[in-house]
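Asks:
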Amino acid sequence: MQPLTSEQRRRRWMALAIVALAYILSFFQRFAPAGIAQDLAAAFQTSAASLGVLAATYFYIYTVMQIPTGILADTLGPRRILALGGLVGGVGSLLFGLAPTLEIALVGRTLVGLGVSVIFIAMLKLVAVWFEENRFATIVGICMLVGNLGSVLAGAPLSALAQATGWRGVFIGVGVVSLVLGVLCWLLVRDAPTASGEAVRPRFDRTAVLSSLLAVIRNRATWPAALVNTGMSGSFFTFAGLWATPYLMQVHAMERAVAASHLSLWFGGFAVGCLFIGSLSDRLGRRKPVMIAVSHLYVAIWLVLLSCVTLPLALSYALFALLGLSTAGFSLTWACAKEVNPPLLSGMSTSVANMGGFLCAAIMQPVVGWIMDLGWQGETLAGARVYDVATWQHGVLAVTLCAALGAAASWRIRETGCRNIWQAA
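Here the sequence shown is numbered in the working numbering, starting from 678 and rising by one per residue.
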């Protein structure tokens, strides 16, 4: 990579700052249903399975869009797709906030998922093009740290704001902000450090694009990273995205504010962990040992959650902070996938690795709801269903098995030494 001028350095950080702000909204939208799960259940008078479908709609469309987004990032460039994504996501959030019925809310949630689905892969593409290769995991960690402000806001702050002013107004406001950021992406983001701001990218030829995508998919070294992402991020999105707050309230008899604080600690630990783990991996010059260590710690904590044992409050808070730190281990999967594939295909390779977690969440959120509905005894509270401990354990077991899949796959990660080794892959 050629040295950048001072103007180019300023431009890259400005572009990254705008995208990071959009990423904050993406994380907020991803986890917001967890903070207002009780409100949504009461507002739409719905079962756990239907609530799971509402939350998972985001993940359905997000999963479907991952590979197309990778292709578009490599061919059209991130600037165009970021601008369009902000506009679509903004309209979806407005529709969700104004939805009179569950069906309209599903449409709004689908548009939100469609709009924000492009942000992360476009951001990775910008980092890959604008920054040095040996700083990739560190810069991505910084972006994750900033982006996770959205998930922290989706915990206790959203819960408190929803109780004070209503959840609908929150999503209307978020929709307006998303529209503004879409316009700013078009005005300020540039695809590459060139005079024109255009990246060198493959011509949009269907045959060439398909062959490039097949090359990534056929590369066996791509798949361990994808499976780690599937197990770790899939379990994270499934539980933290909807079921964590009701679990803490019903199993451990926590007040809503205390349960939401646990969720915020999980998100906050995840944010800090992304920066710490990415930086640690870059400094050590190793990916695999770090991935193995954190993925196994992650599973161990899930076993504690599965036991449903009630801990002293201070220890419970500490456990959720540690859970957040270990969850961040899956952030290395993007670097692992990128470093075993051609540099020009960084968008496609990271999107293939990224889609597994969203597919897992799209499937598992309604599945967990269905499992718990099987054990429901008919008890309700403020219009929302209440489940006993044994029923919750059945639901948490399904999520724990996903986490275990990620830990098992970490042993198959190919060590890259934090550099691109695709020719040897």
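Think of the CB as a built atom: it goes at the ideal place given N, C-alpha and C, for glycine as much as any other residue.
Keep in mind the model is a prediction, meaning the values are calculated, not measured.
To the nearest angstrom, how far is it from the Cα of L753 to the Cα of L702?
Replies: Looking up residue 753 in the sequence shown gives position 76. Looking up residue 702 in the sequence shown gives position 25. The alpha-carbon atoms of L753 and L702 are separated by roughly 23 Å.
Asks: Helix, strand or coil, according to DSSP, for T1057 in the structure here?
Replies: Locating residue 1057 in the sequence shown gives position 380, counting from the first residue. Note: T1057 maps to strand in three-state DSSP.
Asks: When we look at the beta-carbon of P1043 and count the other beta-carbons within 10 Å, is it buried (16 or more) or exposed?
Replies: Locating residue 1043 in the sequence shown gives position 366, where the first residue counts as 1. So P1043 counts as buried.
Asks: On the CB-based measure, 16 or more other CB atoms within 10 Å of its CB, does P879 come out buried or exposed?
Replies: As a position in the sequence shown, residue 879 is number 202, starting the count at 1. Low confidence applies to P879: its pLDDT is 46, below 50, so where it sits in the model is not reliable enough to give any reading.
Asks: Roughly how many angstroms lie between the CA atoms of W1069 and G1046, to the nearest whole one?
Replies: Here the question's residue 1069 lines up with position 392 in the sequence shown. Here the question's residue 1046 lines up with position 369 in the sequence shown. Near 10 Å, if we compare the C-alpha coordinates of G1046 and W1069.
Asks: I think F773 touches V789, with their Cβ atoms under 8 Å apart; what is that distance to the nearest whole Å?
Replies: On the sequence shown, residue 773 is found 96 positions in, with the first residue counted as 1. On the sequence shown, residue 789 is found 112 positions in, with the first residue counted as 1. Contact holds; Cβ gap of about 6 Å.
Asks: Measuring straight from C-alpha to C-alpha, what distance separates Q840 and G850?
Replies: The sequence position of residue 840 within the sequence shown is 163, counting from 1. The sequence position of residue 850 within the sequence shown is 173, counting from 1. Roughly 16 Å between the two C-alpha positions.
Asks: If contacts are defined as beta-carbon pairs under 8 Å, then W979 and T1093 qualify, I think. What distance do you get, rounded to the angstrom?
Replies: Position 302 of the sequence shown holds residue 979. Position 416 of the sequence shown holds residue 1093. About 28 Å separates the two Cβ atoms, so there is no contact after all.
Asks: How close, in whole Å, do the beta carbons of A750 and I738 come, if the pair is a contact with beta carbons under 8 Å?
Replies: Within the sequence shown, the letter at position 73 stands for residue 750. Within the sequence shown, the letter at position 61 stands for residue 738. Contact flag wrong, Cβ pair sits at about 17 Å.
Asks: Considering Cα atoms alone, identify which of I819, V971 and S727 is closest to S710.
Replies: Stepping through the sequence shown from its first residue, residue 710 is reached at position 33. Inspection of the sequence shows that residue 710 is occupied by Pro rather than by Ser. P710 has its Cα closest to that of S727, out of I819, V971 and S727.
Asks: Can G824 and Y994 be called in contact, C-beta distance under 7 Å?
Replies: To locate residue 824, count along the sequence shown from 1; it is residue 147. To locate residue 994, count along the sequence shown from 1; it is residue 317. No, the pair does not count as a contact, with Cβ atoms beyond the cut-off.
Asks: How big is the Cα-Cα spacing for S941 and A833?
Replies: Numbered from its first residue, the sequence shown carries residue 941 at position 264. Numbered from its first residue, the sequence shown carries residue 833 at position 156. Between S941 and A833, the C-alpha separation is close to 6 Å.
Asks: Return helix, strand or coil for R1096, following the three-state DSSP convention.
Replies: Working through the sequence shown from its first residue, we reach residue 1096 at position 419. Three-state DSSP puts R1096 in coil, outside helix and strand.
Asks: Compare the beta carbon distance of F943 and G1001 with 7 Å and say whether it is the shorter of the two.
Replies: Position 266 of the sequence shown, counted from the first residue, corresponds to residue 943. Position 324 of the sequence shown, counted from the first residue, corresponds to residue 1001. Just to set this straight, residue 943 is Trp in the shown sequence, not Phe. For W943 and G1001, yes; Cβs fall inside 7 Å.
Asks: Could you name each continuous beta strand (DSSP E) segment of 3 residues or more that falls completely within the region 737-766, going from the start of the chain to the end?
Replies: Complete beta strand (DSSP E) runs here, min 3: none at all.
Asks: Just to confirm before moving on: does the CB-CB distance between G1015 and S1026 stay below 7 Å?
Replies: Against the sequence shown, residue 1015 aligns to sequence position 338. Against the sequence shown, residue 1026 aligns to sequence position 349. For clarity, residue 1015 is Lys in the given sequence; the question names Gly instead. Going by C-beta atoms, K1015 is nearer than 7 Å to S1026.
Asks: Under 7 Å between the Cβ atoms of W1099 and N1018?
Replies: Position 422 of the sequence shown, counted from the start, is the residue given in the question as residue 1099. Position 341 of the sequence shown, counted from the start, is the residue given in the question as residue 1018. Yes, the pair counts as a contact, with Cβ atoms nearer than the cut-off.
Asks: Give me the Cα-Cα distance between R689 and R707, rounded to the nearest whole angstrom.
Replies: Residue numbering aside, residue 689 sits at position 12 when the sequence shown is read from its first letter. Residue numbering aside, residue 707 sits at position 30 when the sequence shown is read from its first letter. Going from the Cα of R689 to the Cα of R707 covers about 26 Å.
Asks: As a quick exercise: from F1035, S912 and L887, pick the residue whose alpha carbon is nearest that of L1082.
Replies: Here residue 1082 corresponds to residue number 405 of the sequence shown, with the count starting at 1. For the residues F1035, S912 and L887, the minimum Cα distance to L1082 belongs to S912.
Asks: In whole angstroms, what separates the C-alpha of A805 from that of L764?
Replies: Translated into the one-based positions of the sequence shown, residue 805 becomes position 128. Translated into the one-based positions of the sequence shown, residue 764 becomes position 87. So the alpha carbons of these two residues sit roughly 25 Å apart.
Asks: Would you decide whether G785 is buried or exposed? Buried here means 16 or more other CB atoms lie within 10 Å of its CB.
Replies: The sequence position of residue 785 within the sequence shown is 108, counting from 1. The residue in question, G785, is buried, as its Cβ has 16 or more Cβ neighbours within 10 Å.
Asks: Run the CB neighbour count on R1062, radius 10 Å, all protein chains shown included, and call it buried at 16 or more, exposed below.
Replies: Translated into positions along the sequence shown, residue 1062 becomes position 385. By the neighbour-count rule (16 or more Cβ atoms within 10 Å), R1062 is buried.
Asks: By DSSP, does R786 sit in helix, in strand, or in coil?
Replies: For the purposes of this step, residue 786 is taken as residue 109 along the sequence shown, with counting starting at 1. Note: R786 maps to helix in three-state DSSP.
Asks: Given this structure, state the Cα-to-Cα distance separating A1085 from L803, to the nearest angstrom.
Replies: Numbered from its first residue, the sequence shown carries residue 1085 at position 408. Numbered from its first residue, the sequence shown carries residue 803 at position 126. Computed Cα separation, rounded: 31 Å.
Asks: At 4 residues or longer, and completely inside the region 812-896: list those alpha helix (DSSP H) runs for me, N to C.
Replies: Correct list: 813-824, 826-830, 833-842, 844-865 and 883-895.
Asks: Which one of L904, V928 and I796 has the shortest CA to CA distance from A692?
Replies: Within the sequence shown, numbered from 1, the residue matching residue 692 stands at position 15. It is I796 whose Cα lies nearest to the Cα of A692.
Asks: Can you name, in chain order, every residue of its own chain whose Cβ lies under 7 Å from the Cβ of S800, other than the five neighbours on each side?
Replies: Locating residue 800 in the sequence shown gives position 123, counting from the first residue. Before going further, note that residue 800 is Met rather than Ser in the sequence given. Cβ neighbours of M800 beyond the five flanking positions: V696, Y700 and C820.
Asks: May I ask you to report which of helix, strand or coil DSSP gives R689?
Replies: The count along the sequence shown starts at 1 and reaches residue 689 at position 12. Looking at R689 - three-state DSSP - the assignment turns out to be helix.
Asks: Note the first and the last residue of the continuous alpha helix (DSSP H) segment covering D716.
Replies: If you number the sequence shown from 1, residue 716 lands on position 39. A714 to F721 is the span of the alpha helix (DSSP H), which, as asked, contains D716.
Asks: Less than 7 Å between the beta carbons of T815 and G1034, yes or no?
Replies: Taking the sequence shown and counting its residues from 1, one reaches residue 815 at position 138. Taking the sequence shown and counting its residues from 1, one reaches residue 1034 at position 357. Cβ atoms of T815 and G1034: not closer than 7 Å.
Asks: Could you tell me the alpha carbon to alpha carbon distance between G945 and S828, rounded to whole angstroms?
Replies: Indexing the sequence shown from 1 puts residue 945 at position 268. Indexing the sequence shown from 1 puts residue 828 at position 151. So the two alpha carbons sit approximately 8 Å from each other.
Asks: Cα separation between A917 and P989?
Replies: On the sequence shown, residue 917 is found 240 positions in, with the first residue counted as 1. On the sequence shown, residue 989 is found 312 positions in, with the first residue counted as 1. Distance between the alpha carbons of A917 and P989: 21 Å.
Asks: If I follow the unbroken alpha helix (DSSP H) through P1154, where does it start and stop?
Replies: Residue 1154 lies beyond the residue range present for the chain, which begins at 678 and ends at 1102; the question has no answer from this structure.
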